[in-house]
Amino acid sequence: MTQAKKAFITGITGQDGSYLAELLLGKGYEVHGLIRRASTFNTARIDHLYVDSHNPDARLFLHYGDLSDGARMVTLLSEIRPDEVYNLAAQSHVRVSFDEPEHTGDTTGVGAMRLLEAVRLTGLHCRYYQASSSEMFGATPPPQNEETPFYPRSPYGAAKVYAYWVTKNYREAYGMFAVNGILFNHESPRRGETFVTRKITRAVARIKAGRQSELYMGNLDAIRDWGYAAEYAEGMWRMLQADAPDDFVLATGIGITVRDFLEASFSHAGLDWQKYVKFDPRYLRPTEVDALIGDASKAEEKLGWKATVAPDELARIMVDCDIEALEHGDGYIDQPRLSGWPLHSELRRG
Ligand code: NAP
Ligand code: G4F
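To convert, take the position in the sequence shown, counting from 1, and add 267; that gives my numbering.
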């Protein structure tokens, strides 16, 4: 019998980590995830995947650790000996990175180097995925692809540029199979509540239910290329299955404004956004990224990956799920709605 492949995911409790864990378990992997110790549980996005480790069927294992602790990365990698490492952990909020620049640089930037160095020190021949970001392009106008110069506009963007280059450097210096997935904004019903799309769709559900009457927002003119996160997890995995390590953009190629996303979300619930949305300058950034629209033709050509959910359809999916979540209360987890990808129904809630 061939042994199951082992994957190690940092950031497994986040939006992308939960979809990636689902995908890999569905493909028969043994999945190991890094979680931070907290005084309350922070595993809501992966609870539906968890089987007690005493059960012989358990294939998801969680380990305490933090990207700020390089020694822990070494001990964990030596114990687990994964075939694939996905570095998704980061302080991932751009606005927050202006408030916590040092912490963001330490986890989002130097954290990647700690993990790469741990791979090197343990001598593992594993494949490494770095969660790079379209935020690295910053002020460089769209469309952006793998050749577009970086011009980060936030401490977060600058930290991701460092992580991108250190990943490339470990590939060139030590011959590691280390890749950068340069992902444009991708969202889902599991998106953190303070990112703009989820803030909007959650507000729509609450306004519809009479639980909220106003929504305070910042810059409505920013353009983003919002795709569906579950599809992007498939793209990450495909990058690590390629014959040679390379860097890839994943995006839908469609850019819409925050205002357009408001319109799509509120109108789907039969509401007029202009009646509820108010301006609050606290949500502006000292430097803004005006427009991100990706060109993912390299991923389509070399990986056979193409986004199938457009931003307006995504808004409708998220509004429907937020309305459903309000009705379900605690413990609700969305069902990935993938038209073109293999489904893993055995992992879903019945
Ligand atoms: P997310 O929901 O904010 O999840 C971030 C994850 O990182 C969480 O599991 C968090 O753990 C963990 N984490 C944060 N700091 C850590 C630390 N010091 N040590 C260990 N774990 C830590 O982010 P996401 O949307 O899933 O994004 C995944 C990755 O892709 C991130 O690196 C993000 O920057 C990058 N990215 C995201 C997008 C996007 O549009 N979603 C686009 C491009 C790139 P807790 O649960 O304990 O907080
Ligand atoms: O949803 P956002 O906070 O996402 P942002 O800044 O684009 O960053 C996300 O995507 C990056 C990829 O490009 C990731 F790397 C990063 O980790 C993160 O996932 O803001 C989107 C836009 C911005 O222009 C922001 O100024 O929405 C604008 N916005 C307007 N009002 C708001 C608000 N953003 C937030 N979070 N909250 C508001 O009230």
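We put the beta carbon where it would ideally sit given N, CA and C, even for glycine.
Nearest-angstrom Cβ-Cβ length linking residue i and residue j, presumed shorter than 8 Å
{"i": "residue 494", "j": "residue 451", "result": "6 Å"}
{"i": "residue 604", "j": "residue 365", "result": "About 34 Å separates the two Cβ atoms, so there is no contact after all."}
{"i": "residue 357", "j": "residue 398", "result": "7 Å"}
{"i": "residue 273", "j": "residue 348", "result": "7 Å"}
{"i": "residue 528", "j": "residue 575", "result": "Rounded, the Cβ-Cβ distance is 18 Å, inconsistent with contact."}
{"i": "residue 443", "j": "residue 386", "result": "7 Å"}
{"i": "residue 561", "j": "residue 492", "result": "5 Å"}
{"i": "residue 413", "j": "residue 565", "result": "6 Å"}
{"i": "residue 579", "j": "residue 531", "result": "5 Å"}
{"i": "residue 585", "j": "residue 454", "result": "7 Å"}
Span of the alpha helix (DSSP H) around residue i
{"i": "residue 436", "result": "422 to 441"}
{"i": "residue 347", "result": "337 to 347"}
{"i": "residue 286", "result": "282 to 293"}
{"i": "residue 278", "result": "No alpha helix (DSSP H) holds residue 278; DSSP gives it neither H nor E."}
{"i": "residue 388", "result": "378 to 389"}
{"i": "residue 364", "result": "361 to 366"}
Where the beta strand (DSSP E) containing residue i begins and where it ends
{"i": "residue 394", "result": "394 to 400"}
{"i": "residue 328", "result": "327 to 331"}
{"i": "residue 351", "result": "351 to 354"}
{"i": "residue 299", "result": "297 to 302"}
Beta-ladder partner(s) of residue i, from DSSP
{"i": "residue 453", "result": "494"}
{"i": "residue 445", "result": "395"}
{"i": "residue 411", "result": "561"}
Practice task
May I have a chain-ordered list of the beta strand (DSSP E) segments no shorter than 3 residues that lie completely inside the region 459 to 529?
Solution key: Fully enclosed beta strand (DSSP E) runs of no fewer than 3 residues occupy 482 to 484 and 515 to 517 of the region 459 to 529, in order along the chain.
Exercise for the section: Please determine if the region 282 to 293 and the region 499 to 507 are in contact, where contact requires at least 3 C-beta pairs separated by less than 8 Å. Expected result: Yes: at least three Cβ pairs fall under 8 Å.
Practice task
Count the C-beta pairs between the region 468 to 487 and the region 424 to 434 that are closer than 8 Å, then say yes if the count reaches three, no if not.
Solution key: Here the region 468 to 487 makes no contact with the region 424 to 434; the two share fewer than three CB pairs at distances below 8 Å.
Practice task
Would you check if there are 3 or more beta carbon pairs closer than 8 Å linking the region 458 to 475 to the region 584 to 591?
Solution key: Touching, per the Cβ criterion.
Practice task
Would you check if there are 3 or more beta carbon pairs closer than 8 Å linking the region 337 to 357 to the region 312 to 319?
Solution key: Short answer: they don't touch.
Problem - Length-filtered (3 minimum) beta strand (DSSP E) runs lying within the region 517 to 602 - result: DSSP runs (the beta strand (DSSP E)) wholly in the region 517 to 602: 544 to 546.
Problem - Validate contact between the region 440 to 448 and the region 509 to 525 using beta carbons, cut 8 Å, 3 pairs - result: They touch, by the three-pair rule.
Exercise for the section: Determine contact between the region 399 to 410 and the region 337 to 347, defined as no fewer than three beta-carbon pairs at a distance below 8 Å. Expected result: Cβ pair count under 8 Å is below three, so no.
Exercise for the section: Could you tell me whether the region 411 to 422 touches the region 379 to 397, where touching means 3 or more Cβ pairs closer than 8 Å? Expected result: Segments in contact, no.
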